[in-house]
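Numbering (my numbering), first residue to last: 5 to 239.
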Ligand code: TMP
Ligand code: ASP
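Written out as structure tokens, the structure reads:
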């Protein structure tokens, strides 16, 4: 394959392939927090995120969600469909935590009456600012129909994943998704791993996600391995 680096992100590199409609996504052994302000080399992280994300995407695909995943090429590389990125981070919250708790000075942990969806404009230079529906449509980042579809898919994914994680005594607190356009369709892209969600043990409420790194609470690789073990145990 004649691969050329076309994008280097904080957690993944993306390469072109011989096939113009596919890309190679390589998971890095790197963890960042606070918009890259803190960056650490963590051997084994790339492999774990790739395995967890593959497991989740396979489950979502089996349940009717369209994603960019074509196949895994190794334990840290995936072949994915090339899409036109919609530069919006879609966050869904089931419980009060993280920036939502901070913004409204609330204690973490309470269930929200119904899931909340928030959008953030993907821009490292601007530190991913909050953006609302009107701003997204006015700036022609996505149409109203596209936004409605994205929200609908996000809620469906939430219901499927709440069920999956509950089998492993994990509460899905919140998560971030990204979407892209291809052949007139909007599909799920990027990854789903403990880097971009909050998972709390149902009984002890301890974190099994990137908060252990953000807050220096526990070893990241050991924590992510526990998530993978629980998922694989529930097969
Ligand atoms: P927040 O509470 O910090 O806004 O995060 C909400 C969710 O989004 C949480 O599951 C972590 C995820 N997230 C990302 O994936 N990337 C980011 O850059 C941020 C800030 C959050
Ligand atoms: N994703 C951001 C970063 O890697 C922020 C975070 O996850 O805390 O810097």
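Backbone N, C-alpha and C define an ideal beta-carbon position, used for all residues, glycine too.
Source: prediction; values computed, not measured.
C-alpha gap between residue i and residue j, whole angstroms
i	j	result
residue 120	residue 67	22 Å
residue 192	residue 232	21 Å
residue 214	residue 41	15 Å
residue 127	residue 134	11 Å
residue 216	residue 226	10 Å
residue 60	residue 109	32 Å
residue 106	residue 212	20 Å
residue 230	residue 62	19 Å
residue 197	residue 228	9 Å
residue 190	residue 174	29 Å
residue 6	residue 56	27 Å
Other residues of its chain near residue i: CB distance less than 8 Å, five sequence neighbours each side excluded
i	result
residue 34	14, 15, 43, 44, 45, 46, 49 and 50
residue 162	96, 98, 119, 176 and 179
residue 111	100 and 105
residue 65	71 and 73
residue 137	123, 148 and 151
Best match in the options for proximity to residue i [C-alpha to C-alpha]
i	options	result
residue 122	178, 149, 212 and 184	178
residue 116	96, 106, 130 and 171	96
residue 101	187, 202 and 131	202
residue 159	171, 173 and 69	69
residue 78	113, 28, 38 and 36	28
Cβ shell of residue i (< 6 Å), same chain only, five flanking positions each side left out
i	result
residue 194	182
residue 165	176
residue 23	none
residue 155	121
Own chain, CB closer than 7 Å to residue i, minus 5 neighbours either side, in chain order
i	result
residue 32	15, 16, 17 and 50
residue 199	15, 53 and 214
CB-CB length for residue i against residue j, believed under 8 Å
i	j	result
residue 85	residue 94	The Cβ separation is near 18 Å, so there is no contact.
Quick one: any contact between the stretch 183-190 and the stretch 80-90, if contact means 3 or more CB pairs under 8 Å?
yes
Closer than 8 Å is the cut-off here; do at least three beta carbon pairs connect the stretch 144-154 with the stretch 197-210?
no
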